[in-house]
Amino acid sequence: QVQLVESGGGLVQPGGSLRLSCAASRSIFSIGTMGWYRQAPGKQRKLVALISGGGNINYADSVKGRFTISRDNAKNTVYLQMDSLKPEDSSVYYCYAFSTPSAYWGQGTQVTVSS
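Basically my numbering = 1-based index in the sequence shown + 253.
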C-alpha cells in the first residue's frame with residue numbers, strides 16, 4: 254500500500270509557475286514508476302509526466318519544454334515544476350505511483366491558470 258498526498262496547487266496567472274509535490278507514505282526507492290496525470294472537467298484523465306525508478310522520463314507533448322518532473326528518494330517525494338503556464342493547463346493534477354502489481358493515486362490538487 255502507498256498513500257500519496259499532493260500539494261502546491263493554486264491560482265496563477267498565465268506565464269506563471271507552480272511546483273507540485275507528491276509525498277508518499279513509504280520509501281519511493283522501491284516504487285517503480287511515479288508521475289502526474291491531470292483531468293479537466295468533463296474530460297478524461299491524461300498523462301502529464303512519468304519518471305521511472307531508474308530516472309527515465311516521459312512527458313506529454315503539450316507540456317514538453319515547460320514542465321519538469323523529478324523525484325527525491327530521500328524525501329519520498331516527486332515534484333512537478335510547471336513553468337510558462339497556460340489557461341489550458343488548468344486541471345486537477347493527480348499523483349500516480351505503480352508498485353507491482355498495483356497502481357495508486359493521490360486525491361488531486363487543483364491548478365487554475367487565469368488572469
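Positions of the beta carbon are idealized from the N, C-alpha and C atoms, including for glycine.
Ends of the beta strand (DSSP E) at T365?
-> Locating residue 365 in the sequence shown gives position 112, where the first residue counts as 1. Its beta strand (DSSP E) spans residues T362 to V366.
At a cut of 8 Å, does the stretch 262-274 reach the stretch 309-318 through at least three beta carbon pairs?
-> no
Might you give, ordered along the chain, the residues of its own chain that have their beta carbon closer than 7 Å to the beta carbon of S344, omitting 5 neighbours on each side?
-> On the sequence shown, residue 344 is found 91 positions in, with the first residue counted as 1. Contacts found: R291, Q292, A293 and V364.
Nearest-angstrom Cα distance between S274 and Q360?
-> Counting from 1 along the sequence shown, the entry for residue 274 is found at position 21. Counting from 1 along the sequence shown, the entry for residue 360 is found at position 107. Their backbone Cα atoms lie some 12 Å apart in a straight line.
Indicate the three-state DSSP secondary structure (helix, strand or coil) for K299 in the structure shown.
-> The residue you call residue 299 lines up with position 46 of the sequence shown. Reduced to three states, the DSSP call for K299 is strand.
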